[in-house]
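Chains as they are written, first to last, in the working numbering: chain P, 67 to 464; chain A, 67 to 464; chain U, 67 to 464.
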Amino acid sequence: MDKIGIEEMIRSLSTLRTEKMYLKDFFHTWKHSDDEIRATFEVAEILRGMRENNISSRVFDSGLAISLFRDNSTRTRFSFASACNLLGLEVQDLDEGKSQIAHGETVRETANMISFMADVIGIRDDMYIGKGHTYMKTVAQAVEDGHYDGVLEQRPTLVNLQCDIDHPTQSMADALHVINEFGGVENLKGKKLAMTWAYSPSYGKPLSVPQGIIGLFTRFGMDVVLAHPEGYNVMPEMEGVAAKNAQKSGGSFSKVNSMAEAFKDADIVYPKSWAPFSVMEERTKIVETGDQQALKELEKRCLAQNAQFIDWECTEELMSTTREGKALYLHCLPADISGVSCEKGEVAASVFDRYRDPLYKQASFKPYIIAAMIFLAKFRNPSEKLLDLLTDARKRIY
Amino acid sequence: MDKIGIEEMIRSLSTLRTEKMYLKDFFHTWKHSDDEIRATFEVAEILRGMRENNISSRVFDSGLAISLFRDNSTRTRFSFASACNLLGLEVQDLDEGKSQIAHGETVRETANMISFMADVIGIRDDMYIGKGHTYMKTVAQAVEDGHYDGVLEQRPTLVNLQCDIDHPTQSMADALHVINEFGGVENLKGKKLAMTWAYSPSYGKPLSVPQGIIGLFTRFGMDVVLAHPEGYNVMPEMEGVAAKNAQKSGGSFSKVNSMAEAFKDADIVYPKSWAPFSVMEERTKIVETGDQQALKELEKRCLAQNAQFIDWECTEELMSTTREGKALYLHCLPADISGVSCEKGEVAASVFDRYRDPLYKQASFKPYIIAAMIFLAKFRNPSEKLLDLLTDARKRIY
Amino acid sequence: MDKIGIEEMIRSLSTLRTEKMYLKDFFHTWKHSDDEIRATFEVAEILRGMRENNISSRVFDSGLAISLFRDNSTRTRFSFASACNLLGLEVQDLDEGKSQIAHGETVRETANMISFMADVIGIRDDMYIGKGHTYMKTVAQAVEDGHYDGVLEQRPTLVNLQCDIDHPTQSMADALHVINEFGGVENLKGKKLAMTWAYSPSYGKPLSVPQGIIGLFTRFGMDVVLAHPEGYNVMPEMEGVAAKNAQKSGGSFSKVNSMAEAFKDADIVYPKSWAPFSVMEERTKIVETGDQQALKELEKRCLAQNAQFIDWECTEELMSTTREGKALYLHCLPADISGVSCEKGEVAASVFDRYRDPLYKQASFKPYIIAAMIFLAKFRNPSEKLLDLLTDARKRIY
Numbered sequence: 067m068d069k070i071g072i073e074e075m076i077r078s079l080s081t082l083r084t085e086k087m088y089l090k091d092f093f094h095t096w097k098h099s100d101d102e103i104r105a106t107f108e109v110a111e112i113l114r115g116m117r118e119n120n121i122s123s124r125v126f127d128s129g130l131a132i133s134l135f136r137d138n139s140t141r142t143r144f145s146f147a148s149a150c151n152l153l154g155l156e157v158q159d160l161d162e163g164k165s166q167i168a169h170g171e172t173v174r175e176t177a178n179m180i181s182f183m184a185d186v187i188g189i190r191d192d193m194y195i196g197k198g199h200t201y202m203k204t205v206a207q208a209v210e211d212g213h214y215d216g217v218l219e220q221r222p223t224l225v226n227l228q229c230d231i232d233h234p235t236q237s238m239a240d241a242l243h244v245i246n247e248f249g250g251v252e253n254l255k256g257k258k259l260a261m262t263w264a265y266s267p268s269y270g271k272p273l274s275v276p277q278g279i280i281g282l283f284t285r286f287g288m289d290v291v292l293a294h295p296e297g298y299n300v301m302p303e304m305e306g307v308a309a310k311n312a313q314k315s316g317g318s319f320s321k322v323n324s325m326a327e328a329f330k331d332a333d334i335v336y337p338k339s340w341a342p343f344s345v346m347e348e349r350t351k352i353v354e355t356g357d358q359q360a361l362k363e364l365e366k367r368c369l370a371q372n373a374q375f376i377d378w379e380c381t382e383e384l385m386s387t388t389r390e391g392k393a394l395y396l397h398c399l400p401a402d403i404s405g406v407s408c409e410k411g412e413v414a415a416s417v418f419d420r421y422r423d424p425l426y427k428q429a430s431f432k433p434y435i436i437a438a439m440i441f442l443a444k445f446r447n448p449s450e451k452l453l454d455l456l457t458d459a460r461k462r463i464y
Numbered sequence: 067m068d069k070i071g072i073e074e075m076i077r078s079l080s081t082l083r084t085e086k087m088y089l090k091d092f093f094h095t096w097k098h099s100d101d102e103i104r105a106t107f108e109v110a111e112i113l114r115g116m117r118e119n120n121i122s123s124r125v126f127d128s129g130l131a132i133s134l135f136r137d138n139s140t141r142t143r144f145s146f147a148s149a150c151n152l153l154g155l156e157v158q159d160l161d162e163g164k165s166q167i168a169h170g171e172t173v174r175e176t177a178n179m180i181s182f183m184a185d186v187i188g189i190r191d192d193m194y195i196g197k198g199h200t201y202m203k204t205v206a207q208a209v210e211d212g213h214y215d216g217v218l219e220q221r222p223t224l225v226n227l228q229c230d231i232d233h234p235t236q237s238m239a240d241a242l243h244v245i246n247e248f249g250g251v252e253n254l255k256g257k258k259l260a261m262t263w264a265y266s267p268s269y270g271k272p273l274s275v276p277q278g279i280i281g282l283f284t285r286f287g288m289d290v291v292l293a294h295p296e297g298y299n300v301m302p303e304m305e306g307v308a309a310k311n312a313q314k315s316g317g318s319f320s321k322v323n324s325m326a327e328a329f330k331d332a333d334i335v336y337p338k339s340w341a342p343f344s345v346m347e348e349r350t351k352i353v354e355t356g357d358q359q360a361l362k363e364l365e366k367r368c369l370a371q372n373a374q375f376i377d378w379e380c381t382e383e384l385m386s387t388t389r390e391g392k393a394l395y396l397h398c399l400p401a402d403i404s405g406v407s408c409e410k411g412e413v414a415a416s417v418f419d420r421y422r423d424p425l426y427k428q429a430s431f432k433p434y435i436i437a438a439m440i441f442l443a444k445f446r447n448p449s450e451k452l453l454d455l456l457t458d459a460r461k462r463i464y
Numbered sequence: 067m068d069k070i071g072i073e074e075m076i077r078s079l080s081t082l083r084t085e086k087m088y089l090k091d092f093f094h095t096w097k098h099s100d101d102e103i104r105a106t107f108e109v110a111e112i113l114r115g116m117r118e119n120n121i122s123s124r125v126f127d128s129g130l131a132i133s134l135f136r137d138n139s140t141r142t143r144f145s146f147a148s149a150c151n152l153l154g155l156e157v158q159d160l161d162e163g164k165s166q167i168a169h170g171e172t173v174r175e176t177a178n179m180i181s182f183m184a185d186v187i188g189i190r191d192d193m194y195i196g197k198g199h200t201y202m203k204t205v206a207q208a209v210e211d212g213h214y215d216g217v218l219e220q221r222p223t224l225v226n227l228q229c230d231i232d233h234p235t236q237s238m239a240d241a242l243h244v245i246n247e248f249g250g251v252e253n254l255k256g257k258k259l260a261m262t263w264a265y266s267p268s269y270g271k272p273l274s275v276p277q278g279i280i281g282l283f284t285r286f287g288m289d290v291v292l293a294h295p296e297g298y299n300v301m302p303e304m305e306g307v308a309a310k311n312a313q314k315s316g317g318s319f320s321k322v323n324s325m326a327e328a329f330k331d332a333d334i335v336y337p338k339s340w341a342p343f344s345v346m347e348e349r350t351k352i353v354e355t356g357d358q359q360a361l362k363e364l365e366k367r368c369l370a371q372n373a374q375f376i377d378w379e380c381t382e383e384l385m386s387t388t389r390e391g392k393a394l395y396l397h398c399l400p401a402d403i404s405g406v407s408c409e410k411g412e413v414a415a416s417v418f419d420r421y422r423d424p425l426y427k428q429a430s431f432k433p434y435i436i437a438a439m440i441f442l443a444k445f446r447n448p449s450e451k452l453l454d455l456l457t458d459a460r461k462r463i464y
């Protein structure tokens, strides 16, 4: 995208209503209007375009972005760091210890103590059903109160870097990738996306990716199919969100218990392992009791159950049944690749290999999506600000 | 504070003598003149005012600030990171391992090796009596020599983020909070402050907070009362500093062995646990021998001794005996709150709850105090530099 | 160096051909032309001069530098952080876990995932023969491919912060120190440098320092002598590089099995412990099998072997046999100092003490060397860019 293209996209952005994002958080895509979702895509593209044209989008002369990862993460950590650095914010990690499930008052105090000069807080807390989003809301309320009470000079914006319910920076990056591959969001209408469970030799993978995908892609008039073995349900509320979105957008949302059926004539496939919602609930309860023995037994039982569905693998044969045998293969990475990272996994090595470049491109949108979420929360009139940056054209590399 | 207010405060600052702070360190408040203490408060307020008016106070285009925490710390770490970021310095952590007590030559070499491009070094080393300040002096001497010998292009400024003797960034932030609450430092004259020991279910909390408080607040013409059970003495030298300050400032410094007596008609109360000086000395000797058994026995003995004073708690009843029942409650946080963070602790939950906002505000001054200490060490003519920043009015957020 | 001096050095730089460094990596000094080596020295000196004159050399308005240390490191970590900060890059650490020996596909994926906004990647991987450099090449190829395939907007530059073969940021910093001590690279012609093994109570120190030194200093027309006990050979290929360089530069490269012989009339001595190449090979194989018992036996055997050469120590007596008894003593630090950091080590305490300042100065060049390597990889016309910076004369400290 050249400067003319960037300027055009800024004009398009100026027609969208984003004022409700100003000084607010980004938790779940379905809490945001179509304008807001579209604006996030456009700001991401504009920031990417500016960077490719060596135009600085550093809008903070100083400022802190706090990262709080309650789970190991290299990719999301680097995406967040990249996004913040692009805008001029310095990342400071808050390391609370992974295993802790913090309580109300402590969270409130800590949230204020770290936020005196914080412009952004990015949180990843995806491990326990009923916990992650609740924790983020507690932090958000704490800094809201802190700002109201005059403790905090500014109210930091929260960005959900993955919770137990949604993974908006992932699904939005995935969507922006798809939009680019299909040449525009309008071209997604009527396309079939198969979000399907796949076998993995591990258990307990979060639900936030499949939930985030069905919750977002149903907005684009697509035929979204959720496929999984019986019992591997996602949260019922999320199926409701998907159904409602589909109805509104003129698409469809359906469920099947067969990977083959989901793949049939699909334009896009997203085969990925997750743990059943009921197992995630059970696990959370066990973790709260601290019963290591029960945790081991749960794992053993779940792995045995998973083993029944070892044929839920994204093979060449299955891929050949998709639209012209050329469906776009998506994954949030890292994938469990059969014969590479494990004996049997989510995807055949040859399929994964063939889609390596698109997969890496898919991931490349995440830093820009995060930066866009921050940008839209920090500027009441984002298009004006972006036009200023484009006009100034300060070089990123001198 | 608006721009006019900031400009007025800069003019006030310009009348103070701060040239001896230039290129020097900040170790103990009592090593600094009244002008220097006042200048630190004023620069902190000015930097805060500028930030609130979206004026950048980034005075370093590049530069490193090294943090060296020989003890876990979230709050001080974030305060230091915030202060450095506000001025344009990037924090780089030096992680030497907590348990090590480093020796002279190693310290000298390491201090030089990390300082080739360091503008600031912030150190927290509060655990062992006779060690923390000594360590900081060793580092300061090493970089002084390094600069003199042409090894270091610049001499980094040291900021004491808590040692075994003083905790100047805490006591100065506390004081600035009190000054704001009472509407000016001149209003502190004749006010009664009770720095009092309080019960905690742990042992071994550092002495630097009570010592820092009696060492600083006695400068403002206040009646400072230090209260603790018999035997829970602070360092004798520090009582001397407090007495001398009080005499000079026209206030008073006294000691009592009753929390009730200290609270009576107090304008400000600071109930907080600490370990007796003699115990801290004993513990340091044991740690040096590495005798884990002896350490456990010491802990057991001290906890048993503490248990005798479980009624040293800041209750509603005690609070009602303070001036109009409305003394300002201070704490450096986190507090041991009865029935919340422990069964019985330093303060009743209802008291703590009532003072939550002021407590958070108290903490909010620390980043600005640290930034002010750095600023005064880096600019020979701080008021001129601040006036330049105000005139330029470069935006912090674009 | 004043501004006139800086400008003169920039003019000198403009006569050197560096276009092949543009957008490339820095792995081994011997892969670079004489012009490129000289340009690296000059850019380092220019950046140092500019910093000393409070002129900012921040050429990145935003940007990430990724550090990947597969081994503990304080000094190199700080040198890299300093260099990056000087240029405006923010360091983000990638912590993969020290013990892992990562495999091809994982490396490729991770390299891309962290590089979407990375301008530089600094890697230290020196522990295992045949691994470190191979790993760096894999990363370099991955980001090369990523850039070619449109995944990465820019191709990050790799800087070798120490591999199993070379330690170019060390040897280049050492050389720049020597050049400064001797008043110019032209004065090194005919000077004798003794790179000699020395006793240490540990085993397994990397070969990259002695190899880097003989691979670089032989380029300056010097008489480079490599001394070690029989069997403590470095990699044969590296002796070949040294011999070839010496022939080309009009100097010499020779090997002796006596520390005394090497020191005789030497102008520069570099006594330092390392493990024999054959031991390093054996150790790598054992580590790959994970046989802890075999690893312990190897250590025991090697320490016993080392003990036979406990008299390979840089003593006052040996120093007195050097040119006028005044050879320049070099070490990459930290040194094993007899009676200080160990009972018997590489160097006598009095020798080390006498050379403390020069040793610290030696180390002080490393951040500038790293910054120069990055600078030359990022600008096609480095002298023009440096002249712009000098002319702008933006202040580093406001």
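Built from N, CA and C at the ideal position, the CB exists for glycine as well.
Cβ-Cβ distance between residue i and residue j below 8 angstroms
i              : j              : result
K432 (chain P) : Q236 (chain P) : yes
A293 (chain P) : S324 (chain P) : yes
L82 (chain P)  : R104 (chain P) : yes
A208 (chain A) : V173 (chain A) : yes
D191 (chain U) : C150 (chain U) : no
Chain-order list of residues whose beta-carbon lies under 7 angstroms from that of residue i (same chain, five-residue window excluded)
i              : result
Q166 (chain U) : Bear in mind that the predicted position of Q166 (chain U) carries a pLDDT of just 45, short of 50, making it unreliable; the figure below should be weighed with that in mind. Counting only Cβ-Cβ distances below 7 angstroms, and skipping sequence neighbours, we find nothing.
D159 (chain P) : S133
Beta-carbon contacts of residue i that lie in its chain and below 8 angstroms, excluding the five residues immediately before and after
i              : result
K164 (chain P) : Annotation note: pLDDT 41 at K164 (chain P) (below 50); position unreliable, coordinate value reported separately. Taken in chain order, the residues that qualify are R136, D137 and N138.
Listed by chain order, chain P residues near residue i by CB distance under 8 angstroms
i              : result
E118 (chain A) : E219
Contact set between residue i and chain A, taken where Cβ atoms lie within less than 7 angstroms
i              : result
G129 (chain U) : Per Cβ cutoff of 7 angstroms: no residues; G129 (chain U) is ~12 angstroms from chain A at best.
Assigned secondary structure, residue i (DSSP; H/G/I helix, E/B strand, else coil)
i              : result
V186 (chain A) : strand
K257 (chain U) : coil
N311 (chain A) : helix
C368 (chain U) : helix
K338 (chain P) : strand
T350 (chain U) : helix
Neighbour list for residue i in chain P, Cβ cutoff strictly below 9 angstroms
i              : result
L456 (chain A) : Residues of chain P passing the Cβ test: none, with the nearest at roughly 15 angstroms.
Element boundaries [beta strand (DSSP E), containing residue i]
i              : result
F135 (chain P) : L130 to F135
Q158 (chain A) : E156 to D159
A293 (chain U) : D289 to A293
Own chain residues within Cβ distance below 6 angstroms of residue i, not counting five before or after
i              : result
M183 (chain P) : L130
Chain U contact residues for residue i, given Cβ-Cβ distances below 7 angstroms
i              : result
Y426 (chain P) : N178, G212 and V217
Bounding residues of the alpha helix (DSSP H) (the contiguous stretch that carries residue i)
i              : result
T142 (chain U) : R141 to L153
T200 (chain A) : G198 to Y214
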